[in-house]
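A.B. asks: Handing you a structure now.
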Amino acid sequence: MSPSSNTNPAQAVAERKPALWVALHFPHLALEACIPRWEWQQHDQGSVILQQRVLAMSPMAHTAGIRTGMRRGGVQMLLPDASFFPCDSRKQQDLLQAAALALLQYTPSVALHGNAGIVLEVSSSLRLFGGIRRLRQRIRMTMHALGLSVSLACAPFSKAAALLALHAAECGKAACYCLSQRKLVTVLDQLPVHTLSQAQAYLDLLEGLACHQLQDLQKLPRAGLQRRCGAALLQELDQAYGREMTLHPWVVASEHFHSKRELAGRLERSDQLLPYMQALLTQLCSWLRLQQLALSQLRLRLHHERGRSAIAPSQLNIMLAEPSWQEAHLQLLVRERLQQLRLSGPVIALELEVTETAKRQLHSEDLFPQPGGKPEDHQRLLSLLVARLGEHQVLQAAPLADYRPEIANQWVSVLHKKSAQAYATASAAHAFLRPVWLLSQPLALTLRQHQPWYAGSVLTLISPAERIEAGWWSDGTQVRDYFIASHARHQLYWIYRERNVTQTDGDTIALSWFLHGIFG
316 MSPSSNTNPA
326 QAVAERKPAL
336 WVALHFPHLA
346 LEACIPRWEW
356 QQHDQGSVIL
366 QQRVLAMSPM
376 AHTAGIRTGM
386 RRGGVQMLLP
396 DASFFPCDSR
406 KQQDLLQAAA
416 LALLQYTPSV
426 ALHGNAGIVL
436 EVSSSLRLFG
446 GIRRLRQRIR
456 MTMHALGLSV
466 SLACAPFSKA
476 AALLALHAAE
486 CGKAACYCLS
496 QRKLVTVLDQ
506 LPVHTLSQAQ
516 AYLDLLEGLA
526 CHQLQDLQKL
536 PRAGLQRRCG
546 AALLQELDQA
556 YGREMTLHPW
566 VVASEHFHSK
576 RELAGRLERS
586 DQLLPYMQAL
596 LTQLCSWLRL
606 QQLALSQLRL
616 RLHHERGRSA
626 IAPSQLNIML
636 AEPSWQEAHL
646 QLLVRERLQQ
656 LRLSGPVIAL
666 ELEVTETAKR
676 QLHSEDLFPQ
686 PGGKPEDHQR
696 LLSLLVARLG
706 EHQVLQAAPL
716 ADYRPEIANQ
726 WVSVLHKKSA
736 QAYATASAAH
746 AFLRPVWLLS
756 QPLALTLRQH
766 QPWYAGSVLT
776 LISPAERIEA
786 GWWSDGTQVR
796 DYFIASHARH
806 QLYWIYRERN
816 VTQTDGDTIA
826 LSWFLHGIFG
């Protein structure tokens with residue numbers, strides 16, 4: 316009999332690695348679906364979500380005395396400059412889904428909880444991200460980049476973590492942590508009954524029974540409680556204390572990335588779009604890490620006015636010299652492109668779409684790294700130069716297998732992939748010493764005592780002739796003798812003399828010397 320067959324099932328469960336859940340509750344989700352966190356923190360004059368009555372408000376509006384349930388007139392009496400937004404459940408769910416997709420970079424076990432919460436199981440991710448403290452910091456930074464205020468909680472059970480996060484948000488706390496199962500029972504006992512979602516319909520009954528906290532609810536007879544309040548309340552209570560397992564429908568990322576974010580108002584300057592772009596790029600980089608992909612090309616659409624005065628969306632295609640997945644690098648590229656963009660009208664929405672990806676190349680870290688940085692650093696620099704200067708201002712050599720220098724010396728944008736086979740053929744054909752810098756048009760030289768003259772001095776030939784006779788199959792026939800010439804200032808030039816060409820009537824024309832290239 317194998318050793319595994321003698322294992323007690325209860326012992327196997329006990330020896331299994333304990334789970335650790337992180338719960339997120341978004342106390343201002345209704346507000347931040349309309350106006351992001353960074354907006355109402357910096358420029359808020361009092362923002363209110365109104366649907367006949369006040370449903371949510373910004374901290375400044377709360378300080379001014381605004382409370383849920385108030386009517387519009389009462390709000391304007393206390394805060395005349397208040398901004399009103401309608402309640403949009405679709406925007407809230409879209410933002411909650413975007414937050415869940417951004418959290419998939421930390422663990423594949425992410426699930427939505429209620430209308431304003433997310434839970435994720437992170438026990439297998441602690442070592443990768445350096446422990447629970449660093450992981451909590453990264454999660455909080457990711458949510459802030461999306462424009463969300465969040466209250467965090469950690470507990471061994473998902474339902475317990477969700478209740479602790481909800482209670483922390485109600486108390487105005489940023490976090491609540493309870494990693495020990497023994498301590499968790501004591502902490503849960505002190506929670507108010509209304510934190511249970513299934514208890515909302517029976518709060519008056521429970522108040523009449525003097526059930527103010529979960530420990531009071533635990534003392535009631537289960538049969539009578541189930542008969543009066545239903546089995547769902549007992550089930551939620553057991554899930555919080557770990558007596559029953561909670562099943563979650565996990566969030567799954569799509570195969571293609573496409574995200575749209577509506578703005579809080581009409582923005583007329585490109586620098587005002589940067590925080591919204593950062594939120595979209597945070598989602599994008601999370602998707603890239605999850606799919607193990609790198610970004611090659613990106614399409615950004617800027618939506619303008621709709622209706623009768625509609626303006627067609629502005630489209631911005633961003634190509635990378637080398638596929639990348641680093642968020643800081645992508646933000647730098649997008650910032651450079653947006654600073655050069657002239658808006659055709661106020662922007663009301665941003666739409667981000669990935670048009671081309673590549674498999675992510677994983678590189679091992681060397682024990683003794685070479686000086687000068689990694690190849691990825693060089694490619695990031697090229698992408699930044701392209702974003703700042705333009706695609707056709709940053710070039711790379713792409714020589715062709717041709718003896719004619721004008722044809723062989725080709726330069727293309729760094730965004731174009733050059734042919735390695737053509738490069739090897741051209742390198743083999745050009746065994747002679749030639750300069751990299753060729754003039755766009757050869758410069759005619761003057762002759763003094765039958766010697767070429769340039770920049771106030773005679774050019775002395777210091778190399779044998781390199782004879783080129785090519786292009787007879789096309790209109791660009793060349794019959795030249797190339798030389799390396801030395802100047803009095805010790806500069807080396809590449810000059811040529813066109814050989815005598817016989818015309819059809821028998822006469823010959825002796826052509827002059829030309830300067831074609833300069834050696835570095």
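The sequence shown begins at 316 in the working numbering and counts up one residue at a time. All residues carry an ideal CB built from backbone N, CA and C; glycine is no exception. Predicted model only: the values in this text are computed from it and were never measured.
Which class does D396 belong to by DSSP, given the choice of helix, strand or coil?
C.D. replies: Of the three classes helix, strand and coil, the one that applies to D396 here is coil, per DSSP.
A.B. asks: What first and last residue would you give for the beta strand (DSSP E) that runs through I783?
C.D. replies: Counting along the chain, the beta strand (DSSP E) containing I783 begins and ends at 781-785.
A.B. asks: Using DSSP with H/G/I as helix, E/B as strand and the rest coil, what is T322?
C.D. replies: Because T322 sits at a pLDDT of 46, beneath the cut-off of 50, its placement in the model cannot be relied upon, and the following sentence gives the value as read from the coordinates. Coil, per DSSP.
A.B. asks: In this structure, what does DSSP give as the bridge partners for R405?
C.D. replies: For R405, which the question treats as bridged, DSSP gives no partner whatsoever.
A.B. asks: Would you tell me roughly how many angstroms separate the C-alpha atoms of A627 and D586, rounded to the nearest one?
C.D. replies: When rounded, the distance between both Cα atoms is 21 angstroms.
A.B. asks: Is the stretch 537-552 touching the stretch 507-517, taking contact as three or more C-beta pairs under 8 angstroms?
C.D. replies: The stretch 537-552, when compared against the stretch 507-517, does touch it at the 8 angstroms Cβ threshold.
A.B. asks: Evaluate R717 with the Cβ neighbour count: other Cβ atoms within 10 Å of its Cβ, from every protein chain shown; 16 or more gives buried, anything less gives exposed.
C.D. replies: Position check: residue 717 holds Asp in this sequence, whereas Arg was assumed. When all chains shown are included, D717 counts as buried.
A.B. asks: Can you say whether Q554 is buried or exposed, counting buried as having 16 or more other CB atoms within 10 angstroms of its CB?
C.D. replies: Result: buried.
A.B. asks: What's the gap between the Cα of C600 and the Cα of R451?
C.D. replies: Roughly 18 angstroms between the two C-alpha positions.
A.B. asks: Kindly indicate which three-state DSSP category K674 falls into: helix, strand or coil?
C.D. replies: Correct three-state label for K674: strand.
A.B. asks: For L518, which of L499, R543, D504, Q505 has the nearest alpha-carbon?
C.D. replies: Taking only the C-alpha atoms, the option nearest L518 is R543.
A.B. asks: Apply the 10 Å Cβ neighbour rule to T775 and answer buried if 16 or more other Cβ atoms are within range, or exposed otherwise.
C.D. replies: By the 10 Å Cβ count, T775 comes out exposed.
A.B. asks: Provide the residue span of the alpha helix (DSSP H) that contains Q711, from first to last.
C.D. replies: Note, Q711: premise wrong, no alpha helix (DSSP H); beta strand (DSSP E) at 710-712.
A.B. asks: Please go through the same chain and pick out, in chain order, the residues whose beta-carbon is closer than 8 angstroms to the beta-carbon of G835, but skip the five residues on each side of it.
C.D. replies: Here the set comprises P750, V751, W752.
A.B. asks: Helix, strand or coil for W602, going by three-state DSSP, please let me know.
C.D. replies: Residue state, collapsed to three classes: helix.
A.B. asks: Here's the rule: buried if 16 or more other CB atoms are within 10 angstroms of the residue's CB, otherwise exposed. What is P333?
C.D. replies: So P333 counts as exposed.
A.B. asks: So, with DSSP's three-state summary, where would you put L667?
C.D. replies: Residue state, collapsed to three classes: strand.
A.B. asks: Below 6 angstroms, is the gap between the Cβ of L700 and the nearest heavy atom of the ligand MN?
C.D. replies: Looking for the ligand MN in the displayed structure turns up nothing, as the structure carries no ligands at all.
A.B. asks: I'd like to check one pair, Y808 with I783: are the Cβ atoms closer than 7 angstroms?
C.D. replies: Contact: no.
A.B. asks: Please state whether DSSP places T775 in a helix, a strand or coil.
C.D. replies: In this structure, T775 counts as strand in the three-state DSSP scheme.
A.B. asks: I need the boundaries of the beta strand (DSSP E) containing G432, first residue and last residue.
C.D. replies: Looking at the DSSP string, the run of the beta strand (DSSP E) that includes G432 is 432-436.
A.B. asks: Does the beta-carbon of V727 have 16 or more other beta-carbons within 10 angstroms, so that it is buried, or is it exposed?
C.D. replies: Exposed is the call here.
A.B. asks: The beta strand (DSSP E) spanning V363 covers which residue range?
C.D. replies: Residues 362-366.
A.B. asks: Given L595, which residues of its chain have a CB within under 8 angstroms of its CB, disregarding the five upstream and five downstream residues?
C.D. replies: Correct list, in chain order: S574, R576, L665, L667.
A.B. asks: Considering only DSSP beta bridges, list what N298 is partnered with.
C.D. replies: Outside the displayed span of the chain (316 to 835) sits residue 298, for which this structure offers no information.
A.B. asks: Have a look at S398, Q655, L393, V502 and flag the residue whose alpha-carbon is nearest the alpha-carbon of A475.
C.D. replies: For the residues S398, Q655, L393, V502, the minimum Cα distance to A475 belongs to V502.
A.B. asks: Tell me, which residues are paired with G835 by DSSP?
C.D. replies: According to DSSP, G835 bridges with nothing at all.
A.B. asks: Which whole-angstrom value is the C-beta distance of L339 and V500, which I expect to be below 8 angstroms?
C.D. replies: Wrong, their Cβ atoms sit about 23 angstroms apart, outside the cutoff.
A.B. asks: Pick out whichever of Y556, Q505, G660, E637 has its Cα sitting closest to the Cα of R675.
C.D. replies: The shortest C-alpha separation from R675 is found at E637.
A.B. asks: Could you give the first and the last residue of the continuous alpha helix (DSSP H) run that contains H340?
C.D. replies: Note, H340: premise wrong, no alpha helix (DSSP H); beta strand (DSSP E) at 336-340.
A.B. asks: Between S439 and T457, which are expected to be in contact by the criterion C-beta below 8 angstroms, what is the C-beta distance as a whole number of angstroms?
C.D. replies: The Cβ separation is near 18 angstroms, so there is no contact.
A.B. asks: Alpha carbon to alpha carbon, what distance is there between T761 and Y769?
C.D. replies: Approximately 7 angstroms, taken between the alpha carbons.
A.B. asks: Please tell me whether V508 has its Cβ less than 7 angstroms away from any Cβ of chain C.
C.D. replies: Within the model displayed, chain C is absent; a lone protein chain is all it includes.
A.B. asks: Taking all protein chains shown into account, do 16 or more other C-beta atoms lie within 10 angstroms of the C-beta of A702, making it buried, or fewer, making it exposed?
C.D. replies: Buried: at least 16 other Cβ atoms inside 10 Å.
A.B. asks: According to DSSP, what are the bridge partners of Q797?
C.D. replies: The sequence shown places Tyr at residue 797, not Gln. E781, Y811.
A.B. asks: Would you call E570 buried or exposed, if buried means 16 or more other Cβ atoms sit within 10 Å of its Cβ?
C.D. replies: Exposed.
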